[in-house]
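Here is the structure we will look at, set down as structure tokens.
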Amino acid sequence: MNQPKIKRDPEGTRRRILLAAAEEFAAGGLFGARVDQIARRAETNERMLYYYFGSKEQLFTAVLEHAFAALTEAEKTLDLDGIAPVEAMTQLAHFIWDYYREHPELLRLINNENLHEARYIKGSTRIRELISPVVATLARILERGQHAGLFRNNVDPLRFYVTLSGLGYYIVSNRFTLEATFGLDFSRDAERDEIIKMNTELLLAYLLRR
């Protein structure tokens, strides 16, 4: 009697490993995550993990690339070209801050990578390419605002993006220590609304011509 053929799904297996690894790395970092636990969570075995990704370190790099790619894909859903510059910049900032709040695992991965002094991001040309689209979007908004006489001219898009990003990053990445030290829980809607309002005003106060 012929045995039924097992349907192979290499892409599905690879994706399950990637998603399982993202959860493990976000929780325990590169050194804390266990390969056997990743394989178990992905419903596969360690041999397949090494087959698809080569090593635990290469898997960590792939997880970082996947996390940044997801941010880039989400950013592509924004259509800001037809929106007035001030509102477009506000929407872009709020999008980034909301994304950080909804994907704290991205920040945990980045925090862990900083402990490794960005060793794995430095080894990935893809991640640098993935960051470029959102900076380019911001640069176009800046240019439109400058041509309209609304924004100051001496604004570097990349440095402005880093500042904008940091305003949203900090309150998510440090939300537990902020609550423990200052008693402010920025995961609460009311606190978050207040800090977003303040951060938006800070950005626009710098950006707008006086």
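Residue numbers for the sequence shown follow UniProt numbering, beginning at 1 and rising by one. Glycine included, C-beta positions come from ideal geometry on N, C-alpha and C.
Rank the options by C-alpha distance to the C-alpha of residue i and give the top, closest one.
i, options, result
"I121", "L64, L30, L19 and N45", "L64"
"D79", "S165, E191 and L138", "L138"
"P157", "H116, L207 and I83", "L207"
"L204", "F151, R192, G166 and G168", "F151"
"A148", "H116, A180 and I83", "I83"
"I110", "Y169, E143 and D81", "Y169"
"E143", "G12, V35, D81 and R34", "D81"
Distance, Cα to Cα, residue i vs residue j?
i, j, result
"P85", "I141", "6 Å"
"I131", "N114", "17 Å"
"R14", "N154", "46 Å"
"F186", "R47", "42 Å"
"E73", "R209", "32 Å"
"I38", "P104", "19 Å"
"Q3", "T44", "Caution applies to Q3, whose pLDDT of 43 falls short of 50 and renders its modelled position unreliable; the value that the coordinates give is listed next. So the two alpha carbons sit approximately 21 Å from each other."
"D9", "Y51", "14 Å"
"L184", "L92", "25 Å"
"H94", "R128", "22 Å"
"R188", "R159", "29 Å"
"A88", "R126", "27 Å"
"N174", "A190", "17 Å"
Exposed or buried, residue i, counting other C-beta atoms within 10 Å across all chains shown (16 or more means buried)?
i, result
"Y161", "buried"
"R108", "buried"
"F176", "exposed"
"A27", "exposed"
"L202", "exposed"
"G145", "buried"
"E180", "Checking the sequence shown, residue 180 turns out to be Ala, not Glu. Exposed, because fewer than 16 other Cβ atoms sit within 10 Å of the Cβ of A180."
According to the Cβ coordinates, are residue i and residue j closer than 8 Å?
i, j, result
"N112", "F182", "no"
"L18", "A70", "no"
"L30", "A67", "no"
"V134", "E75", "yes"
"I171", "L164", "no"
"T200", "T90", "yes"
"R41", "A22", "no"
- prompt: For the segment 90-106 against the segment 41-59, are there 3 or more C-beta pairs whose distance is under 8 Å?
  reply: Verdict: no, contact absent.
field: Stretch pair the segment 184-197 + the segment 112-131: three plus CB contacts closer than 8 Å
entry: Cβ pair count under 8 Å is below three, so no.
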